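Below: one structure, written as structure tokens.
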Amino acid sequence: PGTADRRTGARSDLKTPSGTAMTLFVVATPIGNLEDLTERAARTLREVDLVLAEDTRHARTLLTRAGATTPTRSYHDHSTDHERDTIIAALAAGQRVALISDAGTPCIADPGFKLVRLARQRGVDVCPIPGASALTAFLSAAGLPTDRFLFDGFLPQKAAARDKRLTELLAAPWTSVVYESPRRLEETLAAINTAAPDRHLVVARELTKVHETFYTGTAAVIANAITDAQGWRGEIVVGISPAPERDASDDELDAWIAALVAEGVSARSIASVLQSRLGVPRKRAYERALAALEQRDGEA
Ligand code: SAM
Numbered sequence: 001p002g003t004a005d006r007r008t009g010a011r012s013d014l015k016t017p018s019g020t021a022m023t024l025f026v027v028a029t030p031i032g033n034l035e036d037l038t039e040r041a042a043r044t045l046r047e048v049d050l051v052l053a054e055d056t057r058h059a060r061t062l063l064t065r066a067g068a069t070t071p072t073r074s075y076h077d078h079s080t081d082h083e084r085d086t087i088i089a090a091l092a093a094g095q096r097v098a099l100i101s102d103a104g105t106p107c108i109a110d111p112g113f114k115l116v117r118l119a120r121q122r123g124v125d126v127c128p129i130p131g132a133s134a135l136t137a138f139l140s141a142a143g144l145p146t147d148r149f150l151f152d153g154f155l156p157q158k159a160a161a162r163d164k165r166l167t168e169l170l171a172a173p174w175t176s177v178v179y180e181s182p183r184r185l186e187e188t189l190a191a192i193n194t195a196a197p198d199r200h201l202v203v204a205r206e207l208t209k210v211h212e213t214f215y216t217g218t219a220a221v222i223a224n225a226i227t228d229a230q231g232w233r234g235e236i237v238v239g240i241s242p243a244p245e246r247d248a249s250d251d252e253l254d255a256w257i258a259a260l261v262a263e264g265v266s267a268r269s270i271a272s273v274l275q276s277r278l279g280v281p282r283k284r285a286y287e288r289a290l291a292a293l294e295q296r297d298g299e300a
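Oh and the sequence shown: position 24 is 24 in the working numbering, straight run, nothing missing.
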């Protein structure tokens with residue numbers, strides 16, 4: 001069974017009497033606009049004994065902004081198990097530790113997951129100090145459906161792997177969001193244009209910064225809209241709208257259903273598979289699958 005944190009309401013995290021709690025604070029930092037550093041993040045960075053940062057020089061700018069003189073230590077994707085052990089040992093010795101990344105929320109396409117997992121395994125409380133993330137900033141303003149979305153990190157760099165991934169994302173009945181390098185954006189838009197020329201996309205660059213820009217439309221429209229060299233620079237988020245529902249014929253649907261029924265798949269799962277593979281409405285797929293299962297059971 002899991003353990004429950006007992007914290008509620010307004011918190012005074014760091015006022016816990018020493019020795020009673022070990023806490024790793026996972027602190028979100030701005031994604032380009034220093035005003036997005038929250039008061040709670042700044043206070044945490046001032047009050048902890050150690051800040052773990054991807055790039056300690058970069059962290060110093062942020063700490064100065066927060067009025068913090070806290071020592072920093074490097075923590076990144078290549079940190080070893082031994083380094084994680086020493087961090088847990090420091091926590092166990094009563095040190096208060098915060099984890100930040102270069103920008104945004106740690107663990108979101110950034111280092112942190114292995115440390116957070118180990119901390120939980122070793123009985124350390126892990127306390128999020130929420131704030132900016134390019135993912136949530138993007139979704140809040142993109143105008144794409146947010147009831148269901150998939151965040152898929154960075155697209156693979158090699159063309160074949162990228163196209164395979166894009167095929168999956170373009171078939172999905174929910175919004176897909178990826179981070180993209182400005183160097184690859186043009187090629188990625190070309191690949192989407194080939195696979196799904198009508199699909200509505202939203203591309204955001206330089207969120208929260210002076211040159212923040214949203215481009216909307218098909219891949220071709222967006223590629224044409226990015227006219228200046230500046231547009232192909234900066235930090236980029238790409239959002240793909242859900243695949244439109246399409247009307248597969250009854251015959252096509254029934255062929256899929258027969259194959260899935262033969263494999264022992266339930267009506268509910270068949271509906272999910274057909275919704276994502278064929279883009280048919282879930283209700284229609286479910287009702288046809290149910291009828292096929294009833295017919296099979298009747299014949300048995
Ligand atoms: N942890 C971060 C977060 O919470 O958003 C993401 C870190 S990831 C290594 C960096 C990528 O996030 C960039 O290459 C870009 O795709 C996206 N990103 C970060 N800041 C951004 C911004 N201000 N505008 C647009 N995209 C941004």
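We put the beta carbon where it would ideally sit given N, CA and C, even for glycine. As the structure is a prediction and not an experimental result, all values here were calculated from the model.
Spatial distance of Thr213 from Val203 (CA atoms)
8 Å
message = Quick check: the Cα distance between Gly112 and His76, rounded to an integer number of angstroms?
response = 8 Å
inquiry  = On the criterion of 16 or more Cβ atoms from any shown chain inside 10 Å, does Ser181 qualify as buried, or is it exposed?
reply    = exposed
Report task. Determine the closest residue to Arg205 out of Leu139, Leu24, Gln95, with distance taken between C-alpha atoms. Result -> Leu139
Assumed close pair Phe154, Ala190 - CB separation to whole angstroms, cut-off 8 Å: Between Ala190 and Phe154 the Cβ distance is about 18 Å, and since that is not below 8 Å, they are no contact.
To which residues of the same chain is Val116 closer than 6 Å at the C-beta, ignoring the five residues directly before and after it?
-> Val126
Is the Cβ-Cβ distance between Ser79 and Asp55 less than 9 Å?
no
### Query
Would you say the beta carbon of Pro106 comes nearer than 8 Å to a heavy atom of the ligand SAM?
yes
Of the listed residues His58, Phe25, Leu50, nearest to Arg40 (C-alpha basis): Phe25
Can you look up Leu62 in the DSSP assignment and give me helix, strand or coil? helix
Item to complete: For the segment 221-284, list the beta strand (DSSP E) runs that are entirely contained and at least 3 residues long, ordered along the chain.
Response: 236-240
According to DSSP, Val177 sits in a beta bridge with which residue or residues? Phe151, Gly239
> Quick one: is Thr72 buried, meaning 16 or more other Cβ sit within 10 Å of its Cβ, or exposed?
Replying inline: buried
Check your understanding: Helix, strand or coil: how does DSSP classify Leu207 here?
Key -> coil
What's the C-alpha gap between Gly19 and Arg65? Confidence at Gly19 is low in this model, with a pLDDT of 49, below 50, so its placement is unreliable and the value that follows should be read with caution. Approximately 30 Å, taken between the alpha carbons.
Could you tell me which of Ala68, Gly67, Leu63, Lys114 sits nearest to Ile87, measuring between CA atoms? Lys114
Coil, strand or helix - Leu24 by DSSP: strand
Quiz item: Quick one: any contact between the segment 257-272 and the segment 164-182, if contact means 3 or more CB pairs under 8 Å?
Solution: no
### Query
Count the other CB atoms within 10 Å of the CB of Ser12; is the residue buried (16 or more) or exposed (fewer)?
Here the model assigns Ser12 a pLDDT of 40, short of 50, so the residue's position is not dependable, and the following value carries that caveat. Looking at its Cβ environment, which holds fewer than 16 other Cβ atoms inside 10 Å, Ser12 is exposed.
Exposed unless 16 or more other CB atoms sit within 10 angstroms - verdict on Gly94: exposed
The beta strand (DSSP E) spanning Arg122 covers which residue range? From DSSP, Arg122 is part of no beta strand (DSSP E); its letter is neither H nor E.
- Can you find a heavy atom of the ligand SAM that lies under 8 Å from the Cβ of Ser176? no
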